[in-house]
Amino acid sequence: MTTAIADLPLVASGKVREIYDLGERLLMVASDRISTYDVVHPTPIPDKGRVLTGLSAFWFAKTGHIVANHYVSATEGVPDEVRGRAMVVRKLEMLPVECVVRGYITGSGWKDYLATGSVSGIELPPGLKESERLPTPIFTPSTKAETGHDEAIDFEQAAELVGDRELMARVRDVSVALYCFAADHARERGVILADTKFEFGLDGSSELVVGDEVLTPDSSRYWPADVYEPGHGQPSFDKQFVRDWASGSGWDKTPPAPAIPDDVVEGTRARYVEAYERITGEPFASWLARTGA
Ligand code: PZK
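Heads up: the sequence shown begins at 228 in my numbering, then just goes up one per residue.
Shown next as structure tokens:
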């Protein structure tokens with residue numbers, strides 16, 4: 228199959244991004260599409276794809292001492308029409324598990340904890356409140372569902388799927404190290420990294436490599452630290468305007484998602500740019516200039 232972007236063959240597509248074949252390498256493209264409650268809205272958020280790609284590139288550059296990554300370039304080999312929101316990456320043999328790390332108890336982890344006292348086979352202390360910081364970050368892998376929701380699994384099931392327990396232990400340890408590094412960095416800038424998801428692969432030398440997007444608002448929960456308060460769900464750093472508007476709009480959160488009004492689009496765009504600037508410490512304009520966007 229071929230698509231709009233420079234006639235490149237499409238390798239894979241998700242709700243809000245695509246991967247194209249460049250021959251020896253891949254092109255990962257982030258769109259400006261946004262989803263809430265797992266449904267994509269018809270209205271794009273200008274610059275969202277460029278913010279997410281800039282953030283991934285920032286974190287790949289910052290975390291190379293922890294694990295190798297698939298990032299090659301956000302300039303060379305990037306077609307003009309996707310400049311700033313695409314990166315060239317190495318082709319990998321992807322591992323069939325999603326590598327989630329949680330530093331706070333929220334989302335599906337909170338649901339599992341309420342039901343069983345455990346998440347992903349890890350027993351947690353009793354009496355935790357929703358959104359509370361965990362005593363130590365936990366690795367809670369899930370399966371990669373083709374359609375529908377990823378299913379939580381424990382470490383042993385993840386090791387079984389990967390077929391190599393030692394490799395899986397390294398994946399777990401690297402995932403937690405990446406999370407801790409990024410969460411410390413974010414906290415210093417007034418942002419809580421509640422949880423995040425990584426995908427790993429093996430390169431041609433069987434070296435472990437982190438792929439996909441990393442530590443973006445789409446693969447992570449970022450919360451503003453100044454209003455953090457355990458005991459209830461926290462506002463999302465990036466999507467809260469859209470969620471608040473959607474909640475008051477009468478939309479029942481089933482497809483199709485409604486169009487987003489201009490003021491909500493503008494406020495959301497500003498939040499993405501603010502996330503980029505808080506986390507990287509650089510003006511977003513620098514990313515645009517650097518990539519020729
Ligand atoms: C790869 N996905 C997930 C699905 C996306 C991403 N470096 C790589 N080499 C080979 N395959 C992949 C990667 C990466 N990353 C990742 N699918 C294939 C996926 C849909 C859209 F952007």
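Where a beta carbon is used, it is the ideal one built from N, C-alpha and C, also for glycine.
Burial state of residue i (16 or more Cβ within 10 Å)
{"i": "residue 302", "result": "exposed"}
{"i": "residue 383", "result": "exposed"}
{"i": "residue 229", "result": "In this prediction, residue 229 scores a pLDDT of 47, lower than 50, which makes its location untrustworthy; the coordinate-derived value is nonetheless stated afterwards. Under this definition residue 229 is an exposed residue."}
{"i": "residue 242", "result": "exposed"}
{"i": "residue 276", "result": "buried"}
{"i": "residue 426", "result": "buried"}
{"i": "residue 259", "result": "buried"}
{"i": "residue 274", "result": "buried"}
{"i": "residue 297", "result": "buried"}
{"i": "residue 309", "result": "buried"}
{"i": "residue 368", "result": "buried"}
{"i": "residue 350", "result": "exposed"}
{"i": "residue 268", "result": "buried"}
{"i": "residue 245", "result": "buried"}
{"i": "residue 454", "result": "exposed"}
{"i": "residue 263", "result": "buried"}
{"i": "residue 325", "result": "buried"}
{"i": "residue 372", "result": "exposed"}
{"i": "residue 281", "result": "buried"}
{"i": "residue 374", "result": "exposed"}
Endpoints, beta strand (DSSP E) assigned at residue i
{"i": "residue 367", "result": "Taken as a continuous stretch (DSSP letters only), residue 367 belongs to no beta strand (DSSP E), as it is neither H nor E."}
{"i": "residue 313", "result": "313-317"}
{"i": "residue 329", "result": "324-331"}
{"i": "residue 298", "result": "298-300"}
{"i": "residue 247", "result": "244-248"}
{"i": "residue 240", "result": "237-240"}
{"i": "residue 305", "result": "Unbroken run through residue 305: none, as it is neither H nor E."}
{"i": "residue 252", "result": "252-257"}
Start-to-end residues for the alpha helix (DSSP H) that takes in residue i
{"i": "residue 469", "result": "467-476"}
{"i": "residue 515", "result": "511-518"}
{"i": "residue 272", "result": "Per DSSP, residue 272 belongs to no alpha helix (DSSP H) and is neither H nor E."}
{"i": "residue 387", "result": "382-389"}
{"i": "residue 490", "result": "489-507"}
{"i": "residue 342", "result": "334-343"}
Among the options, nearest to residue i - alpha-carbon criterion
{"i": "residue 328", "options": "365, 321, 257", "result": "365"}
{"i": "residue 394", "options": "411, 356, 428", "result": "428"}
{"i": "residue 236", "options": "243, 253, 244, 242", "result": "253"}
{"i": "residue 484", "options": "509, 287, 261", "result": "261"}
{"i": "residue 496", "options": "290, 246, 480, 467", "result": "467"}
{"i": "residue 437", "options": "411, 299, 473", "result": "299"}
{"i": "residue 447", "options": "422, 459, 469", "result": "422"}
{"i": "residue 440", "options": "248, 477, 234, 256", "result": "256"}
{"i": "residue 465", "options": "492, 458, 474", "result": "492"}
{"i": "residue 377", "options": "519, 502, 295, 265", "result": "265"}
{"i": "residue 356", "options": "469, 374, 504, 336", "result": "336"}
{"i": "residue 487", "options": "238, 271, 245, 239", "result": "271"}
{"i": "residue 283", "options": "351, 321, 360, 444", "result": "444"}
{"i": "residue 449", "options": "339, 461, 457", "result": "461"}
{"i": "residue 489", "options": "480, 477, 503, 472", "result": "472"}
{"i": "residue 503", "options": "412, 278, 348, 248", "result": "278"}
{"i": "residue 413", "options": "463, 507, 476", "result": "507"}
{"i": "residue 333", "options": "358, 457, 323, 263", "result": "358"}
Would the segment 393-400 and the segment 304-313 be scored as touching if the rule is three or more Cβ pairs under 8 Å?
no
So, do the segment 372-390 and the segment 403-418 have three or more beta carbon pairs nearer to each other than 8 Å?
no
Evaluate the contact criterion for the segment 317-336 versus the segment 357-376: three or more CB pairs, one atom per stretch, below 8 Å.
yes
Would you be able to state if there are at least three C-beta pairs under 8 Å between the segment 240-258 and the segment 313-320?
yes
In chain order, which continuous runs of the alpha helix (DSSP H) of length 4 or greater are located wholly inside the segment 406-464?
Within the segment 406-464, no run of alpha helix (DSSP H) reaches 4 residues while sitting entirely inside it.
Does the count of Cβ pairs from the segment 431-442 and the segment 338-345 closer than 8 Å reach three?
no
Would you call the segment 283-293 in contact with the segment 405-412, where contact means no fewer than 3 C-beta pairs closer than 8 Å?
yes
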